[in-house]
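Student: Have a look at the structure that comes next, please.
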Amino acid sequence: MDKDRIYGSAKEFTGKAEGAVGDATGDAETQASGRAREAAGAAQDLYGQAKDAARGAADTAVNYAKDAYQHRGETIRSGQQAMTRSVQDNPLGALLIAGGIGFALALLLTRQPRRPPPRWRYFS
């Protein structure tokens, strides 16, 4: 739990209490101050929740990366086996896909021929 969540919840509670005191005494300034403090506390609490969520997502991504690194050989072997089964099941589709990839690479790797610079004609 993030410290912003704790501080935000405390500010929100304090703001609610201050607003209740303002309501009881009829003091508009205390009511407004309490509502403002309550809103600031809620915002800080939401900020802390967002930081916790981001930290959790980063930790999950790191754990997935570590797991993939540790089991990289098994992952590559299973991928190769899956590709082999796919090619054996549909050889024509695999051939068309490989041809399409080759054609796309050829288009990307060839350059347009260089044009000679334009000739300037001088009229006198």
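Numbering (the UniProt record's numbering), first residue to last: 1 to 124.
All C-beta atoms, glycine included, are put in the ideal place defined by N, C-alpha and C.
1. Rounded to the nearest angstrom, how far is the Cβ of D45 from that of G19, given a contact under 8 Å?
2. Can you give the Cα-Cα distance for H71 and Y64, rounded to whole angstroms?
3. Does the stretch 31-42 come close enough to the stretch 11-18 to have 3 or more Cβ pairs within less than 8 Å?
4. Are G48 and D89 closer than 7 Å when you measure CB to CB?
5. Any idea if G34 is buried or exposed, counting beta-carbon neighbours within 10 angstroms, 16 or more meaning buried?
6. Which same chain residues end up closer than 8 Å to A94 when comparing Cβ atoms and leaving out the 5 residues on each side of it in sequence?
7. Have a look at R55 and R5 and give me their C-alpha separation to the nearest angstrom.
8. From this set, V21, D23, A43, which residue's C-alpha is nearest A10's C-alpha?
9. What are the boundary residues of the alpha helix (DSSP H) that P91 is part of?
10. Could you give the distance in angstroms between the alpha-carbon of A32 and the alpha-carbon of K51?
Tutor: Reading off the structure:
1. The count along the sequence shown starts at 1 and reaches residue 45 at position 45. The count along the sequence shown starts at 1 and reaches residue 19 at position 19. Between G19 and D45 the Cβ distance is about 16 Å, and since that is not below 8 Å, they are no contact.
2. What you label residue 71 is simply residue 71 of the sequence shown in a count that begins at 1. What you label residue 64 is simply residue 64 of the sequence shown in a count that begins at 1. Their backbone Cα atoms lie some 11 Å apart in a straight line.
3. yes
4. For the purposes of this step, residue 48 is taken as residue 48 along the sequence shown, with counting starting at 1. For the purposes of this step, residue 89 is taken as residue 89 along the sequence shown, with counting starting at 1. No.
5. Residue 34 sits at position 34 when you count from the first residue of the sequence shown. Counting Cβ neighbours within 10 Å, G34 comes out buried, since at least 16 surround it.
6. Numbered from 1 along the sequence shown, position 94 holds the residue referred to as residue 94. The residues are S86, V87.
7. Taking the first residue of the sequence shown as 1, we reach residue 55 at position 55. Taking the first residue of the sequence shown as 1, we reach residue 5 at position 5. Rounded to whole angstroms, R55 to R5 spans 14 Å at the Cα level.
8. Your numbering for residue 10 matches position 10 in the sequence shown. Taking only the C-alpha atoms, the option nearest A10 is A43.
9. Mapped onto the sequence shown, residue 91 falls at position 91. In the DSSP annotation of this structure, the continuous segment of the alpha helix (DSSP H) that includes P91 starts and ends at 91-109.
10. Locating residue 32 in the sequence shown gives position 32, where the first residue counts as 1. Locating residue 51 in the sequence shown gives position 51, where the first residue counts as 1. A direct Cα-to-Cα measurement between A32 and K51 gives close to 29 Å.
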